[in-house]
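Protein chains in written order, with this note's numbering: chain B, 1 to 566; chain R, 1 to 65. Glycine included, each C-beta is placed from N, C-alpha and C at the ideal position. These notes concern the structure reproduced below.
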Amino acid sequence: MIKLEMIDWLLLVIYFGFVLGIGWWLKRSIRTSNDFFLSGRAIPAWVAGLAFMSANLGAQEVIGMAASGAKYGMATSHFYWVGAIPAMIFLAIFMMPFYYGSKARSVPEYLRLRFDEKTRAFNAFSFAVMTIMSSGISMYAMGLLLNLLLGWDFNVSMWICAGIVLVYILLGGLTSAIYNEVLQFFLIVFGFAPLVILGLHDVGGWNGLRHGLERVALDQGYAAGAWSDSWRYLGSTSQNPMGVEWFGLVMGLGFVLSFGYWCTDFLIVQRAMAADSMRSARRAPLVAAVPKMLFPFLVIVPGMIAISLVHSGGSLSLPTKLDGSPNYDLVIPVMLGHYFPNGLLGLGLTALIASFMSGMAGNVTAFNTVWTNDIYQPYLRPNATDAGLLWMGRAATAVGVLLSLAAAYLAASFNNIMDVLQLVFAFINAPLFATFLLGMFWRRANGHGAFYGLVAGTACAAIHHGLTIPAHALSGIKGGWLAMLHQYPSEMAQNFWTAIFAFSGCFSVTALVSLMTHVPDRGALRGLVYSETPRIAETGGSWLTRTATLGCIALAAAVILNWMFW
Amino acid sequence: MKLDIRWPIGILFLLFGALIAGYGLLAQPAGVGGDSLNIDLMWGVVLAVFGAVMASLAAVSGRRP
């Protein structure tokens, strides 16, 4: 267990004070529902961009990526350089003009404008439930971690953090959440950078780390570079610890899952939609791409350092799970305790708690917007006034926080229920990108096609999951609950292929049903479909600062990084 | 009137930097493996410099009409 000193407590308390202070300061700028839900569309590009990146940077991401770094090594970078950057650039160049230009207040609202009411309802309801669940899981993970690490009471730490999140969102709405995400971004960067510096210094630099990882790989029966190279061993599933091959990775992760998440998840897209202009909204994902590209060095490398130290029988050891296997999720906390003296420890801990809290805040702000604009207003109170919507937004915030806490307790008492729910939402999310791709780039796609396509895609995902199973797993939650047709070498490979099936199912059914039913009215598609929307002419500034140019530069940088760590 | 986010970032990091560097200077907490590196002091200074840069950027853009 880690022992805190006065200085660490002081840093944490100051941070809490700042968070609440920001909310209090922003209170006076919240007058309309637009201020509350979309920051009055007044956020500059760099702030929207960092919040965009940060909304995804919850503590689970940080902890999970470090755990993957220990388990799979440098190949974890695929979640960044393949599974994020291309999708972020695509969003900036091609999709943001429709989200921002249509003046929709949310992603489900875009679906109503482009398709119809039932498609919107499908997306809005599933999204609302999902945000509550993820925020609950985030709180649960935090309570558990703080208890394990510092001996804090599970209930007290969870309720205090939830209370602070509630107050600052009630006061400042989305702007509060965004500002805190930016603050958290810098805390994570400055809180974890010394971990990488001290760790690399300890193992003898990058070369020392490579040597250490060679032993890790060889001892587990892989080629020497399996932990330090990202692409070299993706030729077959048996050559790398992830158990995936390049096609499943590129199509499943790089295309379906990544584009589905970065381009359609309202939690992320909301940050860019709050930007002060179309130009800023398109800039936001590109601004985010820069730190996103560099984050593997901050979150994956500590995991790699940890596994190399543990393996060499050095001073570091990882706690084990009940079944005796090492608990990789504790890599970051164990490294913080190992390397940081008090003082820095308070900083690292504050960064970690900040990211848990902003994970909750991100979900709650997305929930209150979708609930108020896509469920309450259309179905319960069609003629609500703006003041009524603002009031409902605040009420939904409070309810959202309470429901998250309920979800956290549910996760604490019935672990399986949460696993099943997460699985169901994975099925619902997997086909989404097919719907948006056809919706934005094929004017013939209509509402019936979109709705039945989504249902079919979800069904394909469920059926594929039910018929396949990862190696060494029992049938049930991991798959194989219908029959066992195929065995995948790993759960990750199974996930990637579930996504590929879901996308293909949704894509073909949307196209087929659309062709068999009515032709959408062309006039109603203006600003919503590529072919019916005038191109945006970016005036002023040289061609070097255009969105497309910047996108190409970012893409080239990602290619170079892939090549450097090939 | 909106708040320039660089103000809270700047002030928070200045404060954190000063506290951590000050603690490193006074308490001289032990580093890993008998390392003589006073990482609290060093990193505290880095934090404070970053905070100062952020705050001065906010101050400069606040003075512009």
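Tell me where the alpha helix (DSSP H) around residue i begins and ends.
i        : result
Tyr110/B : 107-114
Tyr376/B : Note, Tyr376/B: premise wrong, no alpha helix (DSSP H); not H, not E.
Tyr488/B : No alpha helix (DSSP H) contains Tyr488/B, which is instead part of the beta strand (DSSP E) from 486-488.
Met206/B : Going by the sequence as given, residue 206/B is Trp instead of Met. Looking at the DSSP string, the run of the alpha helix (DSSP H) that includes Trp206/B is 205-219.
Val301/B : 278-311
Gly124/B : Before going further, note that residue 124/B is Ala rather than Gly in the sequence given. Per DSSP, Ala124/B belongs to the alpha helix (DSSP H) from 117-150.
Asp8/B   : 6-26
Val513/B : 491-516
Lys71/B  : 59-72
Just checking my contact of residue i with residue j at CB under 8 Å: how many whole Å lie between their CB atoms?
i        : j        : result
Ala408/B : Gly136/B : 4 Å
Lys292/B : Met88/B  : 7 Å
Ala556/B : Pro285/B : That pair is no contact at about 16 Å.
Leu198/B : Ile2/B   : Contact flag wrong, Cβ pair sits at about 16 Å.
Tyr339/B : Ala67/B  : The pair is not a contact, with the Cβ atoms about 17 Å apart (cut-off 8 Å).
Leu515/B : Thr119/B : Rounded, the Cβ-Cβ distance is 17 Å, inconsistent with contact.
So for residue i, helix, strand or coil by DSSP?
i        : result
Ala395/B : helix
Leu347/B : helix
Pro326/B : strand
Thr175/B : helix
Ile428/B : helix
Pro65/R  : Note that Pro65/R has pLDDT 49, beneath the 50 cutoff, so the model's placement of it is unreliable and the number below is only indicative. Coil.
Thr385/B : coil
Gly479/B : strand
Thr533/B : coil
Met1/R   : Unreliable positioning characterises Met1/R in this predicted model, as indicated by a pLDDT of 47, which lies under 50. A coordinate reading is not provided.
Thr237/B : coil
Thr320/B : strand
Ala548/B : helix
Ala275/B : strand
Ile43/B  : strand
Gln28/R  : coil
Leu249/B : helix
Leu474/B : coil
Glu181/B : helix
So residue i is in the beta strand (DSSP E); what residue range does that whole segment cover?
i        : result
Pro568/B : Since the first and last residues shown for chain B are 1 and 566, residue 568/B lies out of range.
With a CB to CB cut of under 8 Å and the five nearest residues on each side skipped, what residues in its chain are close to residue i?
i        : result
Trp497/B : Gly248, Gly252, His464, Thr468, Tyr488
Leu528/B : Phe98, Ser102, Tyr110, Leu113, Arg114, Gly439, Met440
Thr372/B : Ser33, Phe37, Leu389, Met392, Gly393, Ala396
Ala473/B : Gly479, Gly480, Glu491
Phe297/B : Val196
Leu567/B : There is no way to answer for residue 567/B, as the model of chain B reaches only from 1 to 566.
Thr350/B : Leu11, Leu12, Tyr15, Leu187, Gly191
Phe266/B : Ser106, Val107, Pro108, Phe127, Ala366, Thr369, Val370
Thr547/B : Ala92, Ile93, Arg279, Arg282, Arg283, Leu286, Glu538
Ala275/B : Arg41, Ile43, Pro44, Ala45, Ala48, Tyr100, Ala281, Arg283, Ala284
Asp4/R   : Ala58, Ser61, Gly62
Closer than 6 Å by C-beta to residue i: which residues in its own chain qualify, once you throw out the five before and the five after it? Chain order, please.
i        : result
Leu405/B : Ala162
Gly17/R  : Gly44, Leu47, Ala48, Gly51
Arg283/B : Ala45
Leu567/B : Here chain B comprises residues numbered 1 to 566, so residue 567/B is not present and cannot be evaluated.
Confirm, please, whether the CB-CB distance from residue j to residue i is below 8 Å.
i        : j        : result
Pro241/B : Ala224/B : no
Gly51/R  : Leu12/R  : yes
Val203/B : Gly191/B : no
Ala289/B : Ala48/B  : no
Gly24/R  : Asn38/R  : yes
Thr365/B : Ala537/B : no
Gln270/B : Thr369/B : yes
Ala124/B : Asp374/B : yes
Ala430/B : Ala461/B : yes
Ser157/B : Gly359/B : no
Leu209/B : Leu200/B : yes
Phe154/B : Phe451/B : no
Ile307/B : Ala499/B : no
Asp40/R  : Pro333/B : no
Gly254/B : Pro86/B  : yes
Ala141/B : Gln239/B : no
Here's a check: name, in chain order, each residue in its chain whose Cβ is nearer than 7 Å to the Cβ of residue i, leaving out the five neighbours to either side.
i        : result
Met1/R   : Interpretation of Met1/R is limited by its pLDDT of 47, a score under 50 that renders its predicted location unreliable; the figure taken from the coordinates is listed afterwards. Nothing listed; no residue qualifies.
Ser317/B : Val310
Phe295/B : Tyr80
Ser230/B : Met74, Ala75, Ser77, His78, Asn562, Phe565, Trp566
Asn56/B  : Ile268
Gln28/R  : Asn38
Thr385/B : none
If we define contact as Cβ-Cβ less than 8 Å, is residue i a contact residue for chain A?
i        : result
Gly343/B : No chain A is part of this structure, whose protein chains are labelled B and R.
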